[in-house]
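Visitor: For the sequence shown, our numbering gives the first residue as 1, with consecutive numbering after it.
The C-beta atom is built at its ideal place from N, Cα and C for all residues, glycine as well.
Before I ask anything, let me first share the structure, which is written out below as structure tokens.
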Amino acid sequence: MYRRHFLKSSGLAFAGFPSLLPQGSLAADSDGGKDEKANLALHIAPVSLEIGHGRIIKTVGYNGSVPGPVVRFREGKPVTVDVFNETDVAEVVHWHGQQIPSAVDGSTEEGTPAVPPRGHRRYRFTPKPAGTRWYHTHTMAHADLSRAGFSGQFGFAIVEPARHPGDYDQEICMAAHHWEPSLANMGPPNNGWEIMYRSATLNSKMLGAGDPLRVRPGQRVLFRFLNASATDEIRLALPGHKFRVIAMDGNTVPRPQTVDILYLDIGERIDAIVEMSNPGIWVLGSTKEEERMMGMGVVVEYANKTGEPQWQQPPNVGRGPWDYTQFASDRSAPQPDHQFEMKFEKIPGNRKDFNHWTINGKSFPDIEKLHLEKGKRYRLFFNNDSGDIHPLHLHRHTFEITQVAGKPTAGLMKDVISVGSRSTAAVDFVADNPGLTLFHCHMQLHMDFGFMQLLEYVR
1 MYRRHFLKSS
11 GLAFAGFPSL
21 LPQGSLAADS
31 DGGKDEKANL
41 ALHIAPVSLE
51 IGHGRIIKTV
61 GYNGSVPGPV
71 VRFREGKPVT
81 VDVFNETDVA
91 EVVHWHGQQI
101 PSAVDGSTEE
111 GTPAVPPRGH
121 RRYRFTPKPA
131 GTRWYHTHTM
141 AHADLSRAGF
151 SGQFGFAIVE
161 PARHPGDYDQ
171 EICMAAHHWE
181 PSLANMGPPN
191 NGWEIMYRSA
201 TLNSKMLGAG
211 DPLRVRPGQR
221 VLFRFLNASA
231 TDEIRLALPG
241 HKFRVIAMDG
251 NTVPRPQTVD
261 ILYLDIGERI
271 DAIVEMSNPG
281 IWVLGSTKEE
291 ERMMGMGVVV
301 EYANKTGEPQ
311 WQQPPNVGRG
321 PWDYTQFASD
331 RSAPQPDHQF
341 EMKFEKIPGN
351 RKDFNHWTIN
361 GKSFPDIEKL
371 HLEKGKRYRL
381 FFNNDSGDIH
391 PLHLHRHTFE
401 ITQVAGKPTA
411 GLMKDVISVG
421 SRSTAAVDFV
431 ADNPGLTLFH
441 CHMQLHMDFG
451 FMQLLEYVR
């Protein structure tokens, strides 16, 4: 694979707002409903972000910050969101992981209207399901490495369950991102342009540049991790501690596991409990030294402890996606009503262009839609016939992983799956949310250059 890394948060909670709309109502308009109070206003605007001492990044973010505000919704409670675009290009906000109508999902390919330059749109939807979701821009970057996933347009959207509060003492949301991208030649001689970075952050600061995460012995801390990078997967560790993985992509895992290292491909989220049982000053950061030097990390400081932050390299870092089956159940997945086979291939850019991507020999938009019937169970069988890792995302639905690298599995529900190079995987989903539905690789360069396909309900 050729992706490389070289060269309790404050939130906005809306659970208490009264329900102003009937269940399932939606709108995406420029001026309708002005007298109705919105639950949330998002302002897309330029931001000057100091990620390190004197290190300034000029980007675009939400509400003047990167990441954007931690937004909290109540599952099943309708919300109204005003989006104000204070830039000179059209934008759209995707509500990643939520099962909402196409008109408000936040993908123009599905029919969501873009927010025009210097314009405004109002969206109404009912957040679901509960869990760690996120919101981000869903535009294309192509050759503009300041736009789309390269920008600071991302934030957590936590859908709180109607009942069952969490069993933890402190909640910390951490979003990983890479900054200062540039084009680079790497990989085989016929490979196209790839991306290299000069800096990286967990939330808005490089390692050592921001305030530490302050904890106390005996605390159970819930970490919500998000990989909001445009192009790179990450591995994180906290020396002297272990992560108890309890949810992936916001969905409770059938078998929680305790691990030393977390793997997150682009768009993936992990909820993990850490028992604070080893007092000291530690570095929570990337397992790659060069990436920590770029800034991918944060200091964890126990109360009344002083000294230099400590890092210890964990054993068995590994390569490629981790084994999802360790979090799955022992049961067998039911047989689908229909299976779609999807083969992914690369058209090399030959050192003079970006690589282009095909699904079954065709690139978006010149690829037919897959047809769905409501209520049926479908299997997407992925054959990755390339040397790249692909974080595959299905909009507006949650899928069940049913095969990983030839190993049958069941029970693990996600909305992004990382498929290794020259490998296979399969996911099942129930067609229960009519409307156009986008499938794509979440790696920005891949989706920009053909790696997308639409699914369409026909009955």
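Within 7 Å of any Cβ in chain C, is that where the Cβ of G318 sits?
Guide: No chain C appears in the structure shown, which is made up of a single protein chain.
Visitor: Does the stretch 415-426 come close enough to the stretch 379-393 that 3 or more CB-CB pairs lie under 8 Å?
Guide: A contact exists between the stretch 379-393 and the stretch 415-426.
Visitor: Would you tell me roughly how many angstroms separate the C-alpha atoms of D167 and I273, rounded to the nearest one?
Guide: So the alpha carbons of these two residues sit roughly 9 Å apart.
Visitor: Between A228 and V104, what straight-line distance do the alpha-carbon atoms span, to the nearest angstrom?
Guide: Rounded to the nearest angstrom, the two C-alpha atoms are 21 Å apart.
Visitor: Taking Cβ positions, are Q453 and I347 nearer each other than 7 Å?
Guide: No.
Visitor: Quick one: what's Y263 bridged to in DSSP?
Guide: R235.
Visitor: Measuring straight from C-alpha to C-alpha, what distance separates G32 and A41?
Guide: Residue confidence is low: G32 scores 45 on pLDDT, short of 50, so the model does not pin down where it sits. No coordinate-derived value is stated.
Visitor: When you compare only the Cα positions, how much space is there between T87 and P408?
Guide: C-alpha separation (whole angstroms): 47 Å.
Visitor: In the structure shown, what three-state DSSP assignment does L469 receive?
Guide: Not covered by the structure: residue 469. The range shown for the chain is 1 to 459.
Visitor: To the nearest angstrom, how far is it from the Cα of G240 to the Cα of G285?
Guide: Distance between the alpha carbons of G240 and G285 is about 13 Å.
Visitor: Would you check if the stretch 206-222 and the stretch 262-281 touch, i.e. whether three or more CB-CB distances between them fall below 8 Å?
Guide: With a cut-off of 8 Å, the stretch 206-222 and the stretch 262-281 count as touching, because enough Cβ pairs lie within range.
Visitor: Please determine, among S421, W134, K362, the residue with the shortest C-alpha to C-alpha distance to R269.
Guide: Cα-wise, what sits closest to R269 is W134.
Visitor: Taking C-alpha atoms, which residue in M447, N383, Y457 lies nearest to V427?
Guide: Closest option to V427, Cα to Cα, is N383.
Visitor: Would you check if there are 3 or more beta carbon pairs closer than 8 Å linking the stretch 373-387 to the stretch 298-313?
Guide: In short, these stretches do not touch, since the Cβ pair count stays below three.
Visitor: Can you tell me the Cβ-Cβ gap for F84 and P127, rounded? I've got them flagged as a contact below 8 Å.
Guide: Their Cβ separation, rounded to whole angstroms, is 20 Å, which puts F84 and P127 out of contact at 8 Å.
Visitor: Would R224 be called buried (16 or more neighbouring beta carbons within 10 Å of its own) or exposed?
Guide: R224 is buried by the Cβ-count criterion.
Visitor: Can you give me the Cβ contacts of A184 inside the same chain, cut-off strictly under 6 Å, excluding the 5 residues immediately before and after it?
Guide: Excluding positions up to five away in sequence, the list reads E194, M196.
Visitor: Which word fits I57, buried or exposed, when buried means at least 16 other C-beta atoms lie within 10 angstroms of its C-beta?
Guide: Burial call: buried.
Visitor: Leaving out five residues before and five after D448 in sequence, what residues of the same chain have Cβ atoms less than 7 Å from its Cβ?
Guide: Around D448: M140, A141, H142.
Visitor: Determine the direct distance from the alpha carbon of L455 to that of L370, and round the result to whole angstroms.
Guide: Distance between the alpha carbons of L370 and L455 is about 5 Å.
Visitor: Could you give the distance in angstroms between the alpha-carbon of H442 and the alpha-carbon of A230?
Guide: Going from the Cα of H442 to the Cα of A230 covers about 8 Å.
Visitor: Within 10 Å of its beta-carbon, does A328 have 16 or more other beta-carbons around it, so buried, or fewer, so exposed?
Guide: By the neighbour-count rule (16 or more Cβ atoms within 10 Å), A328 is buried.
Visitor: Under a three-way DSSP split, which group does R244 fall into?
Guide: It is a strand residue.
Visitor: In the DSSP assignment, find the unbroken alpha helix (DSSP H) run with R292 in it and report its ends.
Guide: It spans 289-294 - the alpha helix (DSSP H) in which R292 sits, taken as one unbroken run.
Visitor: In its own chain, which residues sit with a C-beta less than 6 Å from the C-beta of R235, not counting the 5 before and 5 after it?
Guide: Closer than 6 Å at the Cβ level, and outside the excluded window around R235, lie I261, Y263, T287.
Visitor: At which residues does the beta strand (DSSP E) containing A103 begin and terminate?
Guide: A103 -> not in any beta strand (DSSP E); alpha helix (DSSP H) instead, spanning 102-105.
Visitor: In this structure, what does DSSP give as the bridge partners for R220?
Guide: E275, per the DSSP bridge assignment.
Visitor: Looking at the secondary structure, which residues open and close the alpha helix (DSSP H) in which D448 lies?
Guide: Run containing D448: 444-448, per the alpha helix (DSSP H) assignment.
Visitor: If we count the other Cβ atoms within 10 Å of its Cβ and call it buried at 16 or more, is A162 buried or exposed?
Guide: Classification of A162: exposed, given that the 10 Å Cβ count is below 16.
Visitor: With burial defined as no fewer than 16 other Cβ atoms inside 10 Å of the residue's Cβ, what is the status of K352: buried or exposed?
Guide: Classification for K352: exposed.
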